[in-house]
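Everything below concerns the one structure shown next.
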Amino acid sequence: MTPNLLRQAAMLLTNLLDFNSPADAKLGEFFRNNRELGTKDRAFVAESVYGVLRRLRYLSAVTANEAGDPDDARKLILAWLLRVQGKSIRELEPILNEQQTEWAQAIKAKSTENLPLAVQADVRDWLWDKLVAQYGEQEALTICRSMFNQASLDLRVNTIKGNREEVLARMLAENTVKDNVIEVTPHSPTGIRMAARLNISKHVLFEAGKIEVQDEGSQLLAYLVAPKRGQMVADFCAGAGGKTLAIGALMKNTGRLYAFDISEKRLMNLGKRLKRSGLSNLHAQVITSETDPKLKRLNGKFDRVLVDAPCSGFGTLRRNPDLKWRFEATDIAELNVKQTAILARAAKLTKAGGRLIYATCSLLSDENESIAEAFLGSNSEFSLVPTNEVLAQQKIKVDTGKYLKLLPHLHGTDGFFAAVFERKAEVVKPNEDKAESAKELAVEKGEAKPTAKKAAAKPQVVKEKIVKEAVIKEKTVKAKKPKVAKPKAAKV
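Each residue of the sequence shown is one higher than the last, beginning at 56 in the numbering used here.
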């Protein structure tokens, strides 16, 4: 490490601490503007600024009231190196002058035993209070501390193009990174986990569409959808399409899969991934909102509808530590309104006997159980399907009860929540069915008058309908797929 590299990292951190846009976007822009940085230098910059964001409240407490360095961002990085990474003063001597060395010694020796629990957990007070109310003090602290660690790199094997055994064998054979453990994921049948976070965008398996980067928890959401061959399925908040592609693979390229999103840019990114995937049953569609009129013609058409709702993302703090500093308590209430509206609209797309899956990557019950229970309370035509049963039917052993609740320290995934609802099937009573058939037959023979509802139709039209129904009973005819306009290429 050089003084210049530390200075560049501090400049980036200063920019990130504005919290006016996502940290990953600013990091990407920084690297594009500083292409002279080598691989190791880029790694140091990324690790140091993200390390500070993960421990910002703790490091701010450690560096408070310590004179010697007016550069706050630089102080925070040095404190991260000393207190979190365990670096010695001697290791940092090349980048410290005499005055800064004295400051570093004071930081190294400072006691933090009596820091408030919210500071130790490195979250804001309002978030800490919510987590404690939900999980209890000790569990909340354990959850927050699990977010200090960098997430593993999880991959999903695209079963349209390969299988996990083949891909794993190849990756193990090519592994040249020290201490990079590569293994199958414990829960997802198509997942592979790498300890080292490598850039695989140029890997031959990635370019061939055999693997995708996707957290194991996200992969499990596709299994909760549990699509069957030939069904109509909708990913209502598709984003860049990670779950959409996983669902398409489970459908084995049959049926019809829709990816809806309000962002044309995100769906364009899905288009790039779609080309690699080998899927041909996916149709991306930009919508203006959950109330877009073009959705009306699809009401009651879908066997499965996934709502991966917009949320706080607090389950992804290992990857996106800036979220805990960017969100205010009032933002959660606003999200709840949006989550409720989106789920209600998606419910209309679900056919009788079909399933609606609600999911978030949040840790908060306000965004999870509360939304699910309120939905059930106001939609009597839906019932809850326990997620542990849905997964067990696919031989996936993740039992968190009636809801899927994944936590980093327990499952090794990002934090996820999911609920599965099933719309009650329309039941026609046998006696009513026979009575209706007898009445229609009598009308056909002229022995009875048509009902008021059918009187408006011409007799020959009624007769044609009955004949057509008789033909359908004799022959098995595949149902015609609904005519849906394909999206323009520019929007995919």
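Ideal Cβ placement from N, Cα and C applies to all residues, glycine included.
Query raised in the report: Are there three or more Cβ pairs, one per stretch, closer than 8 Å when the stretch 322-339 is compared with the stretch 439-451?
Result: Taking 8 Å as the limit for Cβ pairs, the verdict is that the stretch 439-451 does not touch the stretch 322-339.
Report task. Answer yes or no: do I150 and P58 have a C-beta to C-beta separation smaller than 9 Å? Result -> Position 95 of the sequence shown, counting from 1, holds the residue named residue 150. Position 3 of the sequence shown, counting from 1, holds the residue named residue 58. Note that the C-beta distance between I150 and P58 is below 9 Å.
**Report entry** A65, buried or exposed, once every other Cβ within 10 Å from all chains shown has been counted against 16
**Finding:** By one-based count along the sequence shown, residue 65 stands at place 10. Taking a 10 Å sphere around the C-beta of A65, we find 16 or more other C-beta atoms and assign the residue as buried.
Query - Closest Cα partner of Q437 within the set V239, T405, E383 - result: Translated into positions along the sequence shown, residue 437 becomes position 382. In the sequence under discussion, the amino acid at residue 437 is Phe, which differs from the Gln named in the question. Considering only V239, T405, E383, the residue with the shortest C-alpha distance to F437 is T405.
Query raised in the report: R284 by DSSP, collapsed to three states: which one?
Result: As a working mapping, residue 284 is identified with position 229 in the sequence shown. In the structure shown, the three-state DSSP call for R284 is coil.
Report task. Starting from the N-terminal side, write out each stretch of the alpha helix (DSSP H) that is 4 residues or longer and does not extend beyond the stretch 252-321. Result -> With a minimum length of 4 residues, the continuous alpha helix (DSSP H) runs that stay inside the stretch 252-321 are 259-262, 271-280, 297-305.
Requested in this report: Taking 9 Å as the cut-off, decide whether the C-beta atoms of Q269 and G246 are in contact.
Outcome: Sequence index remark: in the sequence shown, residue 269 carries index 214 (1-based). Sequence index remark: in the sequence shown, residue 246 carries index 191 (1-based). The answer is yes: Cβ separation under 9 Å.
Query raised in the report: If you draw a straight line from the C-alpha of Y458 to the C-alpha of F472, how long is it?
Result: The residue labelled residue 458 in the question sits at position 403 within the sequence shown. The residue labelled residue 472 in the question sits at position 417 within the sequence shown. Going from the Cα of Y458 to the Cα of F472 covers about 7 Å.
Query raised in the report: Does the stretch 222-237 come close enough to the stretch 132-147 to have 3 or more Cβ pairs within less than 8 Å?
Result: With the rule of 3 Cβ pairs closer than 8 Å, the stretch 222-237 does not count as touching the stretch 132-147.
Query raised in the report: When DSSP labels each residue in this structure, what does A339 get in the three-state scheme?
Result: Translated into positions along the sequence shown, residue 339 becomes position 284. It is a strand residue.
Requested in this report: For the beta strand (DSSP E) holding K393, just list the boundary residues, first then last.
Outcome: For the purposes of this step, residue 393 is taken as residue 338 along the sequence shown, with counting starting at 1. Where K393 is concerned, there is no enclosing beta strand (DSSP E), although the alpha helix (DSSP H) around it starts and stops at 384-404.
Query raised in the report: So, W181 versus E383, is the Cβ gap smaller than 9 Å?
Result: Along the sequence shown, one-based indexing puts residue 181 at 126. Along the sequence shown, one-based indexing puts residue 383 at 328. It is a contact, given that the beta carbons lie within the stated cut-off.
Query raised in the report: Is I451 helix, strand or coil by DSSP?
Result: As a first step, residue 451 must be located in the sequence shown, where it is residue number 396. In the displayed model, I451 falls within coil according to three-state DSSP, outside both helix and strand.
Query - Environment of P171 [buried if 16+ CB atoms lie within 10 Å] - result: Taking the sequence shown and counting its residues from 1, one reaches residue 171 at position 116. With fewer than 16 other CB atoms across the displayed protein chains lying within 10 angstroms of its CB, P171 is exposed.
Query raised in the report: According to the Cβ coordinates, are V107 and L131 closer than 9 Å?
Result: In the sequence shown, the residue the question calls residue 107 occupies position 52. In the sequence shown, the residue the question calls residue 131 occupies position 76. Taking C-beta atoms as the reference points, V107 and L131 count as a pair closer than 9 Å.
Report task. Put N83 into one of helix, strand or coil per three-state DSSP. Result -> Here the question's residue 83 lines up with position 28 in the sequence shown. For clarity, residue 83 is Gly in the given sequence; the question names Asn instead. It is helical.
Query raised in the report: By the 10 Å Cβ neighbour count, where 16 or more other Cβ atoms means buried, how is V475 classified, buried or exposed?
Result: What you label residue 475 is simply residue 420 of the sequence shown in a count that begins at 1. The residue in question, V475, is buried, as its Cβ has 16 or more Cβ neighbours within 10 Å.
Query raised in the report: For S438, which three-state DSSP category applies?
Result: Along the sequence shown, read from residue 1 onward, the residue named residue 438 stands at position 383. Reduced to three states, the DSSP call for S438 is strand.
Query raised in the report: Which two residues bound the contiguous beta strand (DSSP E) that contains F74?
Result: The residue labelled residue 74 in the question sits at position 19 within the sequence shown. From DSSP, F74 is part of no beta strand (DSSP E); its letter is neither H nor E.
Query raised in the report: CB-CB under 7 Å to T214, same chain, minus the five flanking residues each way: which ones, in chain order?
Result: One-based indexing of the sequence shown puts residue 214 at position 159. The residues are T245, A304.
**Report entry** Proximity test, Cβ basis, 9 Å: D421 and chain B
**Finding:** The structure shown has no chain B; it contains just one protein chain.
Report task. Would you tell me roughly how many angstroms separate the C-alpha atoms of P441 and R374, rounded to the nearest one? Result -> For the purposes of this step, residue 441 is taken as residue 386 along the sequence shown, with counting starting at 1. For the purposes of this step, residue 374 is taken as residue 319 along the sequence shown, with counting starting at 1. Between P441 and R374, the C-alpha separation is close to 29 Å.
**Report entry** Cβ-based neighbour list, V453, same chain, cut-off 6 Å, excluding 5 preceding and 5 following
**Finding:** By one-based count along the sequence shown, residue 453 stands at place 398. For V453, the CB contacts under 6 Å within the same chain, skipping 5 residues up- and downstream, are H242, L446 in chain order.
Query raised in the report: What does L411 pair with, by DSSP beta-bridge criteria?
Result: Translated into the one-based positions of the sequence shown, residue 411 becomes position 356. Beta-bridge pairing links L411 to V360, F476.
Query - CB contact flag (E262, L210, <9 Å) - result: Within the sequence shown, residue 262 is the residue found at index 207, counting from 1. Within the sequence shown, residue 210 is the residue found at index 155, counting from 1. No.
Requested in this report: Report buried or exposed for K298, applying the criterion of at least 16 other Cβ atoms within 10 angstroms of its Cβ.
Outcome: For the purposes of this step, residue 298 is identified with residue 243 of the sequence shown, where counting begins at 1. Counting every other CB atom within 10 Å of its CB across the protein chains shown gives K298 a total of 16 or more, marking it as buried.
Requested in this report: Look up M249 in the DSSP assignment and give the residues it is bridged to.
Outcome: The residue labelled residue 249 in the question sits at position 194 within the sequence shown. Its beta-bridge partners are L208, I237.
Query raised in the report: Taking three-plus beta-carbon pairs below 8 Å as touching, is the stretch 415-435 in contact with the stretch 108-119?
Result: Output reads no: the stretch 108-119 does not touch the stretch 415-435.
Query - Cα-Cα separation, L67 to G296 - result: In the sequence shown, the residue the question calls residue 67 occupies position 12. In the sequence shown, the residue the question calls residue 296 occupies position 241. A straight-line Cα-Cα distance of about 30 Å links L67 and G296.
Query - Through-space distance from G294 to V239, alpha-carbon basis - result: Position 184 of the sequence shown, counting from 1, holds the residue named residue 239. Position 239 of the sequence shown, counting from 1, holds the residue named residue 294. Distance between V239 and G294, taken at the CA atoms: about 26 Å.
Query raised in the report: With burial defined as no fewer than 16 other Cβ atoms inside 10 Å of the residue's Cβ, what is the status of G432: buried or exposed?
Result: By one-based count along the sequence shown, residue 432 stands at place 377. Exposed.
Query raised in the report: Since K379 is in the alpha helix (DSSP H), which residue starts that stretch and which ends it?
Result: Counted from its first residue, the sequence shown places residue 379 at position 324. 378-381 is the span of the alpha helix (DSSP H), which, as asked, contains K379.
Requested in this report: Could you tell me whether the Cβ atoms of K330 and G310 are closer together than 9 Å?
Outcome: Counting from one through the sequence shown, the residue named residue 330 turns up at place 275. Counting from one through the sequence shown, the residue named residue 310 turns up at place 255. No, these two residues do not count as a Cβ contact at 9 Å.
Query raised in the report: Any idea what DSSP makes of L151, helix, strand or coil?
Result: Position 96 of the sequence shown holds residue 151. Here L151 sits in coil by DSSP.
Query - Cut-off 6 Å between Cβ atoms - residues of its own chain near T118, not counting five sequence neighbours on either side - result: Taking the first residue of the sequence shown as 1, we reach residue 118 at position 63. Excluding the 5 residues flanking it on each side, T118 has same chain C-beta neighbours closer than 6 Å at K130, A134, in chain order.
Query raised in the report: What three-state label does DSSP hand L419 in the structure shown?
Result: For the purposes of this step, residue 419 is taken as residue 364 along the sequence shown, with counting starting at 1. DSSP places L419 in coil when its eight states are reduced to three.
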